[in-house]
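As they're listed, the protein sequences go chains A and B. Take the position in the first sequence, starting the count at 1, then add 12; the result is the number in my numbering. Take the position in the second sequence, starting the count at 1, then add 12; the result is the number in my numbering. The C-beta atom is built at its ideal place from N, Cα and C for all residues, glycine as well. Following: one structure in structure tokens, then a few remarks.
Protein chains: 2
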Amino acid sequence: MLKSWNDGAAKSAIVDFVGRVTAQDGPDFVPAEARIAVFDNDGTLWCEKPAYIQLDFLVRRLAEQAAADGSLKDKQPYLAAAAGDLSWFGDAIAKHYNGDDSDIKILAGAVLSAFQGLTVEQHAQRVTAFFADATHPTLNRLYTACGYTPMVELLRYLEANAFTNYIVSGGGRDFMRPVVAGMYGVAPEQVIGSSVGLDFNDGHLMTTSRPEFLDDGPIKPVRIWGRTGRRPILAAGNSNGDIQMLQYTQASEPPRPSLCMLVRHDDADREFDYVAGAEKALDEAAAKGWTVVSVRNDWATVFGD
Amino acid sequence: MLKSWNDGAAKSAIVDFVGRVTAQDGPDFVPAEARIAVFDNDGTLWCEKPAYIQLDFLVRRLAEQAAADGSLKDKQPYLAAAAGDLSWFGDAIAKHYNGDDSDIKILAGAVLSAFQGLTVEQHAQRVTAFFADATHPTLNRLYTACGYTPMVELLRYLEANAFTNYIVSGGGRDFMRPVVAGMYGVAPEQVIGSSVGLDFNDGHLMTTSRPEFLDDGPIKPVRIWGRTGRRPILAAGNSNGDIQMLQYTQASEPPRPSLCMLVRHDDADREFDYVAGAEKALDEAAAKGWTVVSVRNDWATVFGD
Numbered sequence: 013m014l015k016s017w018n019d020g021a022a023k024s025a026i027v028d029f030v031g032r033v034t035a036q037d038g039p040d041f042v043p044a045e046a047r048i049a050v051f052d053n054d055g056t057l058w059c060e061k062p063a064y065i066q067l068d069f070l071v072r073r074l075a076e077q078a079a080a081d082g083s084l085k086d087k088q089p090y091l092a093a094a095a096g097d098l099s100w101f102g103d104a105i106a107k108h109y110n111g112d113d114s115d116i117k118i119l120a121g122a123v124l125s126a127f128q129g130l131t132v133e134q135h136a137q138r139v140t141a142f143f144a145d146a147t148h149p150t151l152n153r154l155y156t157a158c159g160y161t162p163m164v165e166l167l168r169y170l171e172a173n174a175f176t177n178y179i180v181s182g183g184g185r186d187f188m189r190p191v192v193a194g195m196y197g198v199a200p201e202q203v204i205g206s207s208v209g210l211d212f213n214d215g216h217l218m219t220t221s222r223p224e225f226l227d228d229g230p231i232k233p234v235r236i237w238g239r240t241g242r243r244p245i246l247a248a249g250n251s252n253g254d255i256q257m258l259q260y261t262q263a264s265e266p267p268r269p270s271l272c273m274l275v276r277h278d279d280a281d282r283e284f285d286y287v288a289g290a291e292k293a294l295d296e297a298a299a300k301g302w303t304v305v306s307v308r309n310d311w312a313t314v315f316g317d
Numbered sequence: 013m014l015k016s017w018n019d020g021a022a023k024s025a026i027v028d029f030v031g032r033v034t035a036q037d038g039p040d041f042v043p044a045e046a047r048i049a050v051f052d053n054d055g056t057l058w059c060e061k062p063a064y065i066q067l068d069f070l071v072r073r074l075a076e077q078a079a080a081d082g083s084l085k086d087k088q089p090y091l092a093a094a095a096g097d098l099s100w101f102g103d104a105i106a107k108h109y110n111g112d113d114s115d116i117k118i119l120a121g122a123v124l125s126a127f128q129g130l131t132v133e134q135h136a137q138r139v140t141a142f143f144a145d146a147t148h149p150t151l152n153r154l155y156t157a158c159g160y161t162p163m164v165e166l167l168r169y170l171e172a173n174a175f176t177n178y179i180v181s182g183g184g185r186d187f188m189r190p191v192v193a194g195m196y197g198v199a200p201e202q203v204i205g206s207s208v209g210l211d212f213n214d215g216h217l218m219t220t221s222r223p224e225f226l227d228d229g230p231i232k233p234v235r236i237w238g239r240t241g242r243r244p245i246l247a248a249g250n251s252n253g254d255i256q257m258l259q260y261t262q263a264s265e266p267p268r269p270s271l272c273m274l275v276r277h278d279d280a281d282r283e284f285d286y287v288a289g290a291e292k293a294l295d296e297a298a299a300k301g302w303t304v305v306s307v308r309n310d311w312a313t314v315f316g317d
């Protein structure tokens, strides 16, 4: 297993950690039911550049709404969506990570209302239809082929060692669920993500435009506890929004083994090379001894082909 | 299995339903991953009379707070707590189910602030300490011995048939988790319940006095979807707060098999005899063909002794 990982510090850290927590007679043994591993999704399990995959799904819907309702055409983010201008969206998110929430609020309102009034099953059908043929804008592959092969191997390796994996993402819970079973072998009940409030109406659950959770930063550990009632022993992320999830994993009292991993995107040839949005996380990794995974050096393949 | 169930319509309904959904070649087959069963807790898995078990835990804490802070002594619910007057609390809940929320709001404020400022681990320790020796006021047994033996058998029977069971209770999520593993064999990640908001602080999760979820009525199906991303095929409850959870289980489109059960407390000799708070649910059961489980007639034993 872990065939798509090059020999090196990151692979060794994983194998060593799993060996220690599964060694029944060793000092670091962790019983199977407490072997909880948590994974960010965008930039950790699948590609997040040049834009979040969910943003493509959203922009298509906003353009559809702008085409159907003339009053939206001159307003952001519908203006940018109708023009196919993804940079406005990327800038809004970059501003957010730098502390300026002006555009993200406009975007959030549109995100929240984009799919309101559907049953959760109807929403899932839209997601499934999107992933059936939507392709990455520069990598020339289906989005469903944009998962990182070494990370999917890691999920399997952990399962084989009786871990339970959870995805803990700022992305939409109900956007990920229909596709991650096929891409990663992760069941819907193992997906924690952002969500809108739902209304129960005549036997069915309907989407609303009310925010429920924005599953990012300090909310990630809150949601992990809410879902599992446990503190993870392994966490993997790639950006500033993952810092608290990794801190939570590491800060157990009394202390017990943990593995905190940060994927570093440094491979412009095979994927992307960027640190924007990950600066603080990389500083924290250095300070706290987290394992930094270099895409360029640690992964023998990125997408398995 | 199901040895503590008397032969009769309820037991037959369970055995027939499980047989149908597990018959690989039959028309009602449901794959294992979709065999989700949801159970209310108070009055469905454990005894809820003469008062909710969590109310005892709360009243002890309110009395402690009243003793420590004189300014609380003359105010409800501290006044009732210090006097050991449980009827005020029971009345507040009964009023709530009859549409009068005046007292429940006062109670909710006290509930929310009673345990604020603890780490989730400290809170769990308080719960564990409470259950170590707290006894039921009239049944002469530990609260941990107040689970219904036939329902625990049903949980095991469903697990043996590859169901995944969830508790979906208006009771506190983090009040149930430390004790239900031992009582029912249900893991913390299978517990859905009411909760306060948590704050992430220096690596740890701290309780607050902010409400997060009141997991009752229409919120139950919302939380089931949020947790599992699936619609259950079996649901069991006992009160008006379970109606929507059972409706949700039954209303699948396209239709597929479901079993909706309502425990009817009609056994004053072995447990309690009451319908207060369950009137609408019993009406709905009759109208929708739900399986009513009579404690008196369907259970050979209530507590297994």
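| said: When you compare the CB positions of Ser251(A) and Gly197(A), do they come within less than 7 Å of one another, or not? | reply: On the first sequence, residue 251(A) is found 239 positions in, with the first residue counted as 1. On the first sequence, residue 197(A) is found 185 positions in, with the first residue counted as 1. Against a cut-off of 7 Å, the Cβ pair of Gly197(A) and Ser251(A) comes out as no contact.
Check: Is the shortest distance between the beta-carbon of Gln134(A) and the beta-carbons of chain B less than 7 Å?
Finding: Stepping through the first sequence from its first residue, residue 134(A) is reached at position 122. Judged by the 7 Å Cβ criterion, Gln134(A) is not in contact with chain B.
- Message: Between Phe212(A) and chain B, is any beta-carbon pair separated by less than 7 Å?
- Response: Translated into the one-based positions of the first sequence, residue 212(A) becomes position 200. It does: the Cβ of Phe212(A) has a partner Cβ on chain B nearer than 7 Å.
For the stretch 177-206 of chain A, list every residue whose C-beta sits within 8 Å of some C-beta in chain B, in sequence order.
Within the stretch 177-206 of chain A, the qualifying residues are Arg185, Asp186, Arg189, Ala199, Pro200, Glu201 and Val203.
_Please confirm whether Trp237(A) has its beta-carbon closer than 7 Å to some beta-carbon of chain B._
Counting from one through the first sequence, the residue named residue 237(A) turns up at place 225. Nearest CB-CB separation between Trp237(A) and chain B: below the 7 Å threshold.
Since I believe Gly205(B) is in contact with Ser181(B) (beta carbons under 8 Å), could you give me their beta-carbon distance rounded to a whole number of angstroms?
Mapped onto the second sequence, residue 181(B) falls at position 169. Mapped onto the second sequence, residue 205(B) falls at position 193. About 5 Å; that satisfies the 8 Å criterion.
* Asked: Would you call Phe2(A) buried or exposed, if buried means 16 or more other Cβ atoms sit within 10 Å of its Cβ?
  -> Because chain A in this structure spans residues 13 to 317, residue 2(A) falls outside the shown range and cannot be described.
Could you tell me the distance, in whole angstroms, from the CA atom of Thr131(A) to the CA atom of Met257(B)?
One-based indexing of the first sequence puts residue 131(A) at position 119. One-based indexing of the second sequence puts residue 257(B) at position 245. Computed Cα separation, rounded: 16 Å.
> Are there three or more Cβ pairs, one per stretch, closer than 8 Å when the stretch 299-314 of chain A is compared with the stretch 26-40 of chain B?
Replying inline: Taking 8 Å as the limit for Cβ pairs, the verdict is that the stretch 26-40 of chain B does not touch the stretch 299-314 of chain A.
**Report entry** DSSP state of Met188(A) mapped onto helix, strand, coil
**Finding:** Position 176 of the first sequence holds residue 188(A). Three-state DSSP puts Met188(A) in a helix.
query = How is Arg32(A) classed by DSSP in three states: helix, strand or coil?
reply = Position 20 of the first sequence, counted from the first residue, corresponds to residue 32(A). Reduced to three states, the DSSP call for Arg32(A) is helix.
Exercise. Of all the beta strand (DSSP E) runs that stay within the bounds of the stretch 243-282 of chain B, which reach a length of 3 or more residues?
Worked result: Qualifying beta strand (DSSP E) stretches, in chain order: 246-249 and 271-276.
ask   = For Asp97(A), which residues from the same chain have a beta carbon less than 7 Å from its beta carbon, with the 5 sequence-adjacent residues on both sides left out?
value = Your numbering for residue 97(A) matches position 85 in the first sequence. Here the set comprises nothing.
**Q.** Residues within the stretch 240-270 of chain B neighbouring chain A, beta-carbon criterion of under 8 Å
**A.** Within the stretch 240-270 of chain B, the residues whose Cβ lies closer than 8 Å to some Cβ of chain A are Thr240, Gly241, Arg242, Gln256, Gln259, Tyr260, Gln262, Ala263 and Glu265, listed in chain order.
Pro190(A) vs Ala136(A) beta-carbon contact at 7 Å: Translated into positions along the first sequence, residue 190(A) becomes position 178. Translated into positions along the first sequence, residue 136(A) becomes position 124. A contact, by the Cβ cut-off of 7 Å.
Practice prompt. Mind listing, in chain order, the continuous alpha helix (DSSP H) runs of no fewer than 4 residues lying wholly within the stretch 150-226 of chain B?
Written response: Whole alpha helix (DSSP H) segments, 4+ residues: 161-172 and 185-196.
Practice problem: Please state whether DSSP places Ser306(A) in a helix, a strand or coil. | Solution: Position 294 of the first sequence, counted from the first residue, corresponds to residue 306(A). Strand, per DSSP.
Notebook entry, point to check: Can you tell which of Asp186(A), Thr219(A), Cys158(A) and Ser221(A) has its C-alpha closest to the C-alpha of Met195(A)?
Noted result: Residue numbering aside, residue 195(A) sits at position 183 when the first sequence is read from its first letter. It is Cys158(A).
*If we count the other Cβ atoms within 10 Å of its Cβ and call it buried at 16 or more, is Lys85(B) buried or exposed?*
As a position in the second sequence, residue 85(B) is number 73, starting the count at 1. Burial call: exposed.
Practice prompt. With a threshold of 6 Å, establish whether the CB of Glu265(B) neighbours any heavy atom of the ligand GDP.
Written response: This structure simply doesn't include the ligand GDP, nor any ligand for that matter.
ask   = Going along chain B, which residues have a C-beta under 9 Å from Glu171(A)?
value = The sequence position of residue 171(A) within the first sequence is 159, counting from 1. Ordered by position in chain B, no residue passes the 9 Å Cβ test against Glu171(A), which lies about 15 Å from the chain.
**Request:** Could you check what DSSP says for Ala92(A) in three-state terms: helix, strand or coil?
**Result:** Taking the first sequence and counting its residues from 1, the one referred to as residue 92(A) is at position 80. Three-state result, Ala92(A): helix.
query: Which word fits Phe41(B), buried or exposed, when buried means at least 16 other C-beta atoms lie within 10 angstroms of its C-beta?
result: Position 29 of the second sequence, counting from 1, holds the residue named residue 41(B). The residue in question, Phe41(B), is exposed, as its Cβ has fewer than 16 Cβ neighbours within 10 Å.
| query | So Ala122(B) packs on Asp115(B), CB below 8 Å; how close in whole Å? | reply | Along the second sequence, read from residue 1 onward, the residue named residue 122(B) stands at position 110. Along the second sequence, read from residue 1 onward, the residue named residue 115(B) stands at position 103. The beta-carbon distance between Ala122(B) and Asp115(B), rounded to whole angstroms, is 11 Å. This is too long to meet the 8 Å contact definition.
Q: At 7 Å on the CB atoms, spell out the chain A contacts of Val234(B), in chain order.
A: Here residue 234(B) refers to the residue found at position 222 when the second sequence is read from its first residue. The answer, in chain order, is Leu210, Phe212 and Leu217.
Quiz item: For Ser247(B), which option in Thr156(B), Ser270(B), Ile231(B) and Gly241(B) has the closest C-alpha, if you only look at C-alpha atoms?
Solution: As a working mapping, residue 247(B) is identified with position 235 in the second sequence. In the sequence as displayed, the identity of residue 247(B) is Ala instead of Ser. Of the listed residues, the one whose Cα sits closest to Ala247(B) is Ser270(B).
Using three-state DSSP, classify Ala80(A) as helix, strand or coil. As a working note, residue 80(A) is residue 68 in the first sequence. Of the three classes helix, strand and coil, the one that applies to Ala80(A) here is helix, per DSSP.
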